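S.K.:
There are 2 protein chains.
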Amino acid sequence: MTGKMDLTREHKQFGGMNRFYTHESKACNGPMNFAVYLPPAAVGLSPSRKFPVLYWLSGLTCTEEIFMTEGQVQAYASQHEVIIIVPDTSPRRTGIPGEDDRYDLGSGASFYVDATTPKWKPHYQMDTYITQELREVVESELPIDQNQRGIFGHSMGGHGALVLGLRNPELYHSISAFAPIGAPMKAPWGILAFSEYLGTDQKAWEGYDACHLLRRVSASGNLKNLAPLLVDQGSDDEFFEKELFTEDLKSAIKETGYPGKVRGQGGYDHSYFFISSFMEEHILFHLKNFQSAAKA
Amino acid sequence: MTGKMDLTREHKQFGGMNRFYTHESKACNGPMNFAVYLPPAAVGLSPSRKFPVLYWLSGLTCTEEIFMTEGQVQAYASQHEVIIIVPDTSPRRTGIPGEDDRYDLGSGASFYVDATTPKWKPHYQMDTYITQELREVVESELPIDQNQRGIFGHSMGGHGALVLGLRNPELYHSISAFAPIGAPMKAPWGILAFSEYLGTDQKAWEGYDACHLLRRVSASGNLKNLAPLLVDQGSDDEFFEKELFTEDLKSAIKETGYPGKVRGQGGYDHSYFFISSFMEEHILFHLKNFQSAAKA
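Take a look at the structure:
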């Protein structure tokens, strides 16, 4: 017991360590799980230096486990010496009626927002949890360099990485996503989740829609020191047309002049086979951004 | 429908392709599943050349899927241009009474033997299936170089790779294993499986025990052109003492002078986190052996 985060299991990999933790969350009013990968030099009680950190947000139905088993991040995190933090995708067993009834709402489907509706508000505060509480807990316990912090994710978690990154340029110095829900206000998944978590007033949804946030940043006139953005989208992604709208994201980036890029990847689908194929490129993208920020 | 192997799904990864197939097996008297990874140059109908092949045998409870999602072989198979073939770990839904009752017997637990007992014999012919039927099917359908063929596996599948490799030096030119059941005749898992599949006469078990096979090869006096053997064993493997007996394997290799090596890997457990950490070294080990054999 550290009082802050309790280790439940660990597995050595590529010389470093995967660790699975549970802790009591104030923001989500209950226990939350997360996973960590520490590169070899960061394992142990008193590492002599601090390491860049990447927060990974997973997609619908995932827990913190699948990215650790299928994402193939560890070989690159070991080699390039990056710490990886992977939260669960929602609170669990909160007692909210129907929380486990659908794969696209409630458990495994937080959409990384701070809920405002009476039903979900008491536990579904994932924005605050990830950007504040979890960040403060792991960054006080682990040898993390707070000046080299990035966020990335997949599908619902790609949406989460985009919106939490764009909303908090002072916190995240680099953003990337694999097949994100680029325009959730147009997507059936996003419309359902935002209606439930944020209520029916669509004005309230805009703060969690990547395309709106890009225009908001652009309208603010402050286009300096923005976190660079990279998105990869497979051409054979089964959710591309109905749910993802990465073309809208591409248009919003072009229209606003935000420092971002959406790449098409021919023949890849929505799975971790796709994610793992471009994992090293994303790691290198974030590290390059950290180095550029340090020089600026 | 090729008439031989039917594609059920495919996923592009690292430029190549993971393919999942089903086919009717004569040896096992029913449908069998297997997976394939083709490196980029081997995808398509008429590749211009043939590629080395590695057969992977998985452990207890696995299907052909987990190695494809968690083994992390594809990055290296893509880079080094190797075809990977991954059979399921047993027949399924055969109707044999109790086939799904235990994790360590029946479905997911074939131990890669040709069963001789009346109960299991009609379907559990995994030795014949892997060394003959599946090999002939995939090697007639895919651009495989039959002179560069290796076999490897994990736990029960590590045992499978060792015994099928040692029994068939004319077929397999290189053998490796992660945390194999090195002396199944001493292991509770092996004793149960061999009693059920091969009957109570322990003489009949020796042909599927790696330590016995090493001594048999040595006694034959033919120590030329043997397939080199590499074994990795994690020091924190939860099954090491009770089930694996990799120390016995090490002793048998030393005693017989077989060209093999058992390496201890400090801090690693029995999981795919361990396997993936040494995957590239195993791929390179097999490729080096293929090159040495070509020169000899």
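For the record, the sequence lines run as chains D and X.
First residue of the first sequence? That's 1149 in the numbering used here, and the numbers climb one at a time after it.
First residue of the second sequence? That's 1149 in the numbering used here, and the numbers climb one at a time after it.
Quick reminder that beta carbons are idealized off the backbone N, C-alpha and C, glycines included.
Nothing here was measured: the structure is a model prediction, and the numbers come from that model.
1. Does any CB atom of chain D fall closer than 8 Å to the CB of His-1430 (chain X)?
2. Would you say Asn-1181 (chain D) faces chain X, with C-beta separation under 8 Å as the test?
3. What are the partner residues of Thr-1170 (chain D), as DSSP defines its beta bridges?
4. Taking the beta carbon of Tyr-1251 (chain X) as the centre, do at least 16 other beta carbons fall within 10 Å, making it buried, or is it exposed?
5. Spatial neighbours of Glu-1391 (chain D) within its chain, please: CB distance less than 7 Å, with the 5 preceding and 5 following residues excluded, ordered by chain position.
6. Taking all protein chains shown into account, decide if Leu-1397 (chain X) is buried (16 or more other Cβ within 10 angstroms of its Cβ) or exposed.
7. Quick one: what's Lys-1409 (chain D) bridged to in DSSP?
8. What do you reckon, are the CB atoms on Pro-1235 (chain D) and Phe-1182 (chain D) nearer than 8 Å?
9. When Cβ atoms are compared, which residues of the segment 1244–1277 of chain X fall closer than 8 Å to chain D?
10. Between the Cα of Gly-1359 (chain D) and those of D:His-1418, D:Glu-1403 and D:Ile-1323, spot the shortest distance and give me the residue it belongs to.
11. From what residue to what residue does the alpha helix (DSSP H) around Pro-1239 (chain D) run?
12. Could you check where the alpha helix (DSSP H) with Pro-1336 (chain X) kicks off and where it finishes?
13. By Cβ distance below 6 Å, which residues in the same chain neighbour Met-1149 (chain X) in space, the five residues on each side in sequence not counted?
14. Using Cβ-Cβ distances below 9 Å, what residues of the segment 1166–1200 of chain D are close to chain X?
15. Count the other CB atoms, across all protein chains shown, that sit within 10 Å of the CB of Ser-1368 (chain X); report buried if there are 16 or more and exposed otherwise.
16. Which partner residues does Asp-1262 (chain D) have in the DSSP bridge list?
17. Inspect the beta-carbon positions of Asp-1275 (chain D) and Tyr-1260 (chain D) and report whether they are closer than 8 Å.
18. Identify every residue that forms a DSSP beta bridge with Arg-1250 (chain X).
19. Just tell me which of D:Ser-1383, D:Ile-1233 and D:Val-1221 has its CA closest to the CA of His-1159 (chain X).
20. How long is the line joining the alpha carbons of Asn-1373 (chain X) and His-1321 (chain X), rounded to whole angstroms?
21. Please report how far the alpha carbon of Gly-1298 (chain X) lies from the alpha carbon of His-1418 (chain X), in whole angstroms.
22. Give a yes or no on whether 8 Å exceeds the smallest Cβ distance from Ser-1425 (chain D) to chain X.
23. Considering only residues of the same chain and omitting the five flanking positions on each side of Leu-1406 (chain D), which have a CB-CB separation below 8 Å?
24. Taking only three categories from DSSP, how would you classify Asn-1316 (chain D)?
25. Within the 8 Å Cβ cut-off, does Gln-1161 (chain X) reach chain D?
26. Which of the residues in the segment 1399–1425 of chain D, read from start to end, lie with their CB under 8 Å from any CB of chain X?
27. Using beta-carbon positions only, say whether Ser-1288 (chain X) and Tyr-1272 (chain X) come within less than 8 Å of one another.
28. Among residues of its own chain, excluding the 5 on either side of Leu-1155 (chain D), which ones have a beta-carbon nearer than 8 Å to its beta-carbon?
29. Is the distance from the Cβ of Leu-1208 (chain X) to the Cβ of Glu-1344 (chain X) below 8 Å?
30. Which value, in whole angstroms, describes the spacing of the CA atoms of Trp-1353 (chain D) and Ile-1214 (chain D)?
31. Please list, in chain order, all residues of the same chain as Leu-1346 (chain X) whose beta carbon is under 8 Å from its beta carbon, the five residues on each side excluded.
32. Going by other Cβ atoms of all chains shown within 10 Å of its Cβ, with 16 needed for buried, is Phe-1438 (chain D) buried or exposed?
33. Look at Val-1230 (chain X) and Ile-1423 (chain X) and say whether their C-beta atoms are less than 8 Å apart.
34. Pick helix, strand or coil for Ala-1325 (chain X), following the three-state DSSP scheme.
35. When DSSP builds the beta bridges, which residues end up paired with Val-1201 (chain X)?
M.R.: Result, derived from the coordinates:
1. Residue mapping note: residue 1430 (chain X) aligns to position 282 of the second sequence, counting from 1. It does not; no Cβ of chain D falls within 8 Å.
2. Position 33 of the first sequence holds residue 1181 (chain D). Not an interface residue.
3. Taking the first sequence and counting its residues from 1, one reaches residue 1170 (chain D) at position 22. DSSP lists D:Asp-1154 and D:Asn-1181 as partners of Thr-1170 (chain D).
4. Counting from one through the second sequence, the residue named residue 1251 (chain X) turns up at place 103. Its Cβ having fewer than 16 others within 10 Å, Tyr-1251 (chain X) is exposed.
5. On the first sequence, residue 1391 (chain D) is found 243 positions in, with the first residue counted as 1. Contacts found: Ile-1329, Ala-1335, Pro-1336 and Trp-1337.
6. Translated into positions along the second sequence, residue 1397 (chain X) becomes position 249. So Leu-1397 (chain X) counts as buried.
7. As a working mapping, residue 1409 (chain D) is identified with position 261 in the first sequence. DSSP, once it has assigned bridges, lists D:Leu-1378 as partnering Lys-1409 (chain D).
8. Here the question's residue 1235 (chain D) lines up with position 87 in the first sequence. Here the question's residue 1182 (chain D) lines up with position 34 in the first sequence. Taking 8 Å as the cut-off, the beta carbon of Pro-1235 (chain D) is found closer than this to the beta carbon of Phe-1182 (chain D).
9. Under the 8 Å Cβ criterion, the segment 1244–1277 of chain X contributes no residue.
10. The count along the first sequence starts at 1 and reaches residue 1359 (chain D) at position 211. Note on residue identity: the sequence assigns Cys, not Gly, to residue 1359 (chain D). Each of D:His-1418, D:Glu-1403 and D:Ile-1323 was checked against the Cα of Cys-1359 (chain D), and the nearest Cα belongs to D:Glu-1403.
11. If you number the first sequence from 1, residue 1239 (chain D) lands on position 91. Segment: none, Pro-1239 (chain D) is in no alpha helix (DSSP H) and carries neither H nor E.
12. As a position in the second sequence, residue 1336 (chain X) is number 188, starting the count at 1. Its alpha helix (DSSP H) spans residues 1336–1346.
13. Within the second sequence, numbered from 1, the residue matching residue 1149 (chain X) stands at position 1. Because the pLDDT of Met-1149 (chain X) is 36, which lies under 50, any placement of that residue in the model is unreliable, and the number read from its coordinates should be weighed accordingly. No residues qualify anywhere along the chain.
14. Answer set for the segment 1166–1200 of chain D: Asn-1166.
15. Here residue 1368 (chain X) corresponds to residue number 220 of the second sequence, with the count starting at 1. Label assigned to Ser-1368 (chain X): exposed.
16. In the first sequence, residue 1262 (chain D) corresponds to position 114, counting from 1. Partner(s): D:Gln-1273.
17. For the purposes of this step, residue 1275 (chain D) is identified with residue 127 of the first sequence, where counting begins at 1. For the purposes of this step, residue 1260 (chain D) is identified with residue 112 of the first sequence, where counting begins at 1. Taking 8 Å as the Cβ cut-off, Asp-1275 (chain D) and Tyr-1260 (chain D) qualify as a contacting pair.
18. On the second sequence, residue 1250 (chain X) is found 102 positions in, with the first residue counted as 1. Answer is X:Leu-1253, bridged to Arg-1250 (chain X).
19. Here residue 1159 (chain X) corresponds to residue number 11 of the second sequence, with the count starting at 1. For the residues D:Ser-1383, D:Ile-1233 and D:Val-1221, the minimum Cα distance to His-1159 (chain X) belongs to D:Ser-1383.
20. Locating residue 1373 (chain X) in the second sequence gives position 225, counting from the first residue. Locating residue 1321 (chain X) in the second sequence gives position 173, counting from the first residue. If you take the alpha carbons of Asn-1373 (chain X) and His-1321 (chain X), they lie about 9 Å apart.
21. Residue mapping note: residue 1298 (chain X) aligns to position 150 of the second sequence, counting from 1. Residue mapping note: residue 1418 (chain X) aligns to position 270 of the second sequence, counting from 1. Whole-angstrom Cα-Cα distance: 22 Å.
22. By 1-based counting over the first sequence, the position of residue 1425 (chain D) is 277. Answer yes: the Cβ-Cβ gap between Ser-1425 (chain D) and chain X drops below 8 Å somewhere.
23. As a working mapping, residue 1406 (chain D) is identified with position 258 in the first sequence. Contrary to the premise, residue 1406 (chain D) reads as Tyr rather than Leu in this sequence. Around Tyr-1406 (chain D): Leu-1362, Val-1365, Ser-1366, Leu-1371, Leu-1374, Leu-1377 and Ala-1400.
24. On the first sequence, position 168 is the one that residue 1316 (chain D) refers to. Secondary structure at Asn-1316 (chain D): coil, using DSSP grouped into helix, strand and coil.
25. To locate residue 1161 (chain X), count along the second sequence from 1; it is residue 13. Interface residue, yes.
26. Listed by position, the residues of the segment 1399–1425 of chain D near chain X (Cβ gap below 8 Å) are Gly-1415, Tyr-1416, Asp-1417, Ser-1419, Tyr-1420, Phe-1421, Phe-1422, Ser-1424 and Ser-1425.
27. For the purposes of this step, residue 1288 (chain X) is taken as the residue at position 140 of the second sequence. For the purposes of this step, residue 1272 (chain X) is taken as the residue at position 124 of the second sequence. No, they are not a contact pair.
28. By one-based count along the first sequence, residue 1155 (chain D) stands at place 7. The answer, listed in chain order, is Arg-1167, Phe-1168 and Tyr-1169.
29. The sequence position of residue 1208 (chain X) within the second sequence is 60, counting from 1. The sequence position of residue 1344 (chain X) within the second sequence is 196, counting from 1. No, the pair does not count as a contact, with Cβ atoms beyond the cut-off.
30. Sequence index remark: in the first sequence, residue 1353 (chain D) carries index 205 (1-based). Sequence index remark: in the first sequence, residue 1214 (chain D) carries index 66 (1-based). Answer to the nearest angstrom: the Cα atoms are 29 Å apart.
31. As a position in the second sequence, residue 1346 (chain X) is number 198, starting the count at 1. Taken in chain order, the residues that qualify are Val-1261, Ala-1263, Thr-1264, Thr-1265, Ala-1352, Trp-1353 and Tyr-1356.
32. Within the first sequence, the letter at position 290 stands for residue 1438 (chain D). So Phe-1438 (chain D) counts as buried.
33. In the second sequence, residue 1230 (chain X) corresponds to position 82, counting from 1. In the second sequence, residue 1423 (chain X) corresponds to position 275, counting from 1. In this structure, Ile-1423 (chain X) does not lie closer than 8 Å to Val-1230 (chain X) by Cβ.
34. Here residue 1325 (chain X) refers to the residue found at position 177 of the second sequence. Three-state result, Ala-1325 (chain X): strand.
35. Taking the second sequence and counting its residues from 1, one reaches residue 1201 (chain X) at position 53. In DSSP, Val-1201 (chain X) forms a bridge with X:Ile-1231 and X:Arg-1297.
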